[in-house]
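Input: a single structure, listed below in C-alpha cells.
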Amino acid sequence: MNDGRKARIISFGLSIILLIVFVYFTKENIIKFADLDYWLIYFSIFLILSVIIYSVIHESGHVIFGWATGYKLDAFALFGYVFINSDNRYILKRVKIPGTAGANMMHYAKDKTSASAPYMLYVLGGVLTTGVATIISAISMKFINNVYVEIFLYTMVFVGLVFTVYNAIPTKVKGIYNDGMIVKLFKKDDRSQEIFNKAQDISLISLREFSIKDAPEELFEISESYKSAPFANELRVNRSEYLMYNERYREAELELEDVIQNLDESDKNLKDIATCFLLLEYLIDNADKEKIERVYQDNKKGIESLARYNLTAKYISIAYKLKIEEDWNIDKEVLEFYKLSKRQDLGSNFELDLMKKLLNENSMSYLIQAD
Numbered sequence: 003m004n005d006g007r008k009a010r011i012i013s014f015g016l017s018i019i020l021l022i023v024f025v026y027f028t029k030e031n032i033i034k035f036a037d038l039d040y041w042l043i044y045f046s047i048f049l050i051l052s053v054i055i056y057s058v059i060h061e062s063g064h065v066i067f068g069w070a071t072g073y074k075l076d077a078f079a080l081f082g083y084v085f086i087n088s089d090n091r092y093i094l095k096r097v098k099i100p101g102t103a104g105a106n107m108m109h110y111a112k113d114k115t116s117a118s119a120p121y122m123l124y125v126l127g128g129v130l131t132t133g134v135a136t137i138i139s140a141i142s143m144k145f146i147n148n149v150y151v152e153i154f155l156y157t158m159v160f161v162g163l164v165f166t167v168y169n170a171i172p173t174k175v176k177g178i179y180n181d182g183m184i185v186k187l188f189k190k191d192d193r194s195q196e197i198f199n200k201a202q203d204i205s206l207i208s209l210r211e212f213s214i215k216d217a218p219e220e221l222f223e224i225s226e227s228y229k230s231a232p233f234a235n236e237l238r239v240n241r242s243e244y245l246m247y248n249e250r251y252r253e254a255e256l257e258l259e260d261v262i263q264n265l266d267e268s269d270k271n272l273k274d275i276a277t278c279f280l281l282l283e284y285l286i287d288n289a290d291k292e293k294i295e296r297v298y299q300d301n302k303k304g305i306e307s308l309a310r311y312n313l314t315a316k317y318i319s320i321a322y323k324l325k326i327e328e329d330w331n332i333d334k335e336v337l338e339f340y341k342l343s344k345r346q347d348l349g350s351n352f353e354l355d356l357m358k359k360l361l362n363e364n365s366m367s368y369l370i371q372a373d
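Just add 2 to the spot in the sequence shown (first one is 1) and you have my numbering.
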C-alpha cells in the first residue's frame, strides 16, 4: 500500500471517528430534529449550504493569512468562476479547475520568484479558518434554542470536521495536493517551492488571456536535477504544452512519454491531462493509427471525463471519432466543443484552430463557428 492511500485511509478513518464522537455527544439534538416534520429535507439543504460556506471560508483563509504574511492575491477561484488580478484590476472569468471546488494563487510581494518565502500560515490558512469555524459552530449550538438554526449549526460542525481533517492530513487524490501535503513537500524538499511557484506563474498566463505560446521559454525550463522534485511533473506537462504550441512536436512527445511513465494512480488527473496532450501530438503528427487507438482506448474513461470541461480532451474525442473510427456523426460533439470554448475563456486559440482545420479537411466547414 503506497503512502498516498495510507494517508487517505487515515483521513477517512479519523473523520468517521470524529463524526461518531460528535453524534454521540449530540444525540439529544438528533432526537429533537427527528420530531420535526421534513427534518431530513432541512438537513440536506443545510448540508449543501454548509459545503458552499466552508469552501468560501477555506479559500478566504488562505487569502487572509497570505495577506498577513506578505503575499498578494493573483487569482481566487470558486465553483468554476475565478477572479484574476490583471493589470491591477480584478476580472471575473468562468474557468473550471479540475479536482477541486476552489483554489487561489498568491505571490510573495517582496520577491515573486522567492523559493524561501514564508509559507506555513498561507498554505495552512484554510485549515485554520475551517477549524475555527467548526469550533464556533459547535459552541454556538449550546446557546441556540431555534431548532432550524440548530440543524444548520449541526451541519456546519459535521462538514467542518471533514473539511479540516481532509485538508490537514497530508494526502494527494488524483494528482491534487491538499494543504497538508503541500506543507510536507515544501519542508521535505527545498526545490519544491520554487517549482510550485513556476507552475503557478504558468497557470496565470492562460488565466490572464495571454498565450502560453508567446511566453518566455525559460519559464518552462527544468534541469535534470529538478525532474525528481515534487511538482516537477506538473511543470513538465506545462512545458510540453508550450513546445506543442510552438510546433516542436517531437520534443513535446518525448517529454510527455517520459512524464507519463513516472506517474501512478495517485496522479490520475495529471496523467489524464498529459495523455490528452500526447494524443493531441499523435493526431497532429499523423502517428500510426494503431498507436493512437491503443493509447486512447487504454485511457478512454479519463479522456471522456476530462472532455466535459477540458477543450483539448473534447477536441481529441472528436478527432478520434472522425479520423480513427471514421464516424462522421460528430455534429453534436462539435457544437458542444464550441460551447465549451466560450465557457473556457483562455488565452490560446490552439484547439479552435485545430478544429477549424479538422473540419475543413473533412469537408465539414459548415460546422465551423466564428471565434
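Cβ atoms here follow ideal geometry from the backbone N, Cα and C, with glycine treated the same way.
Keep in mind that this is a model prediction, so the values were computed, not measured.
| query | result |
| --- | --- |
| Leaving out five residues before and five after residue 3 in sequence, what residues of the same chain have Cβ atoms less than 7 Å from its Cβ? | With a pLDDT of 48 at residue 3, under the threshold of 50, the predicted position of this residue should be treated as unreliable, though the coordinate-derived value follows. Closer than 7 Å at the Cβ level, and outside the excluded window around residue 3, lies no residue. |
| What do you reckon, are the CB atoms on residue 201 and residue 237 nearer than 8 Å? | yes |
| Ordered along the chain, which non-local residues of its own chain (more than five positions away) have a Cβ less than 6 Å from that of residue 316? | 309, 339, 342 |
| Hey, is the segment 120-140 in contact with the segment 157-170, meaning 3+ C-beta pairs nearer than 8 Å? | yes |
| Taking the beta strand (DSSP E) that residue 104 belongs to, which residues open and close that run? | 104-110 |
| Using only the alpha-carbon positions, how far apart do residue 230 and residue 121 sit? | 22 Å |
| If we ignore side chains and look at the alpha-carbon of each, how far apart do residue 282 and residue 223 end up? | 22 Å |
| Could you tell me which residues DSSP puts in a beta bridge with residue 77? | 86, 107 |
| Could you check if residue 250 is buried or exposed, using at least 16 other CB atoms within 10 Å of its CB as the buried criterion? | exposed |
| Tell me whether residue 311 sits in a helix, a strand or coil according to DSSP, three-state version. | coil |
| Let me make sure I understand the geometry here. Which of 75, 233, 364 has the alpha-carbon closest to that of residue 179? | 233 |
| Quick check on DSSP: helix, strand or coil for residue 175? | strand |
| For residue 146, does the three-state DSSP call read helix, strand or coil? | coil |
| Let's see if you can read the secondary structure: which residues bound the alpha helix (DSSP H) around residue 275? | 270-286 |
| Hey, how far is the Cα of residue 387 from the Cα of residue 321? | In the structure displayed, the chain extends from 3 to 373; residue 387 sits before or after that span and is not available. |
| Keeping to the same chain, check which residues put their C-beta closer than 6 Å to that of residue 48; ignore five residues upstream and five downstream. | 153, 154, 157 |
| Would you list the one or two residues that DSSP bridges to residue 92? | 87 |
| Indicate the three-state DSSP secondary structure (helix, strand or coil) for residue 336 in the structure shown. | helix |
| My output table needs one value for residue 349: the three-state DSSP class, helix, strand or coil. | Note that residue 349 scores 48 on pLDDT, short of 50, meaning its location in the model is unreliable; the coordinates nonetheless yield the value given after this. Coil at residue 349, not helix or strand. |
| Look at the Cβ atom of residue 75, then the Cβ atom of residue 108, and state whether they are nearer than 8 Å. | yes |
| For the alpha helix (DSSP H) holding residue 256, just list the boundary residues, first then last. | 251-264 |
| Determine the contact status of residue 181 and residue 126, defining contact as a CB-CB distance below 8 Å. | yes |
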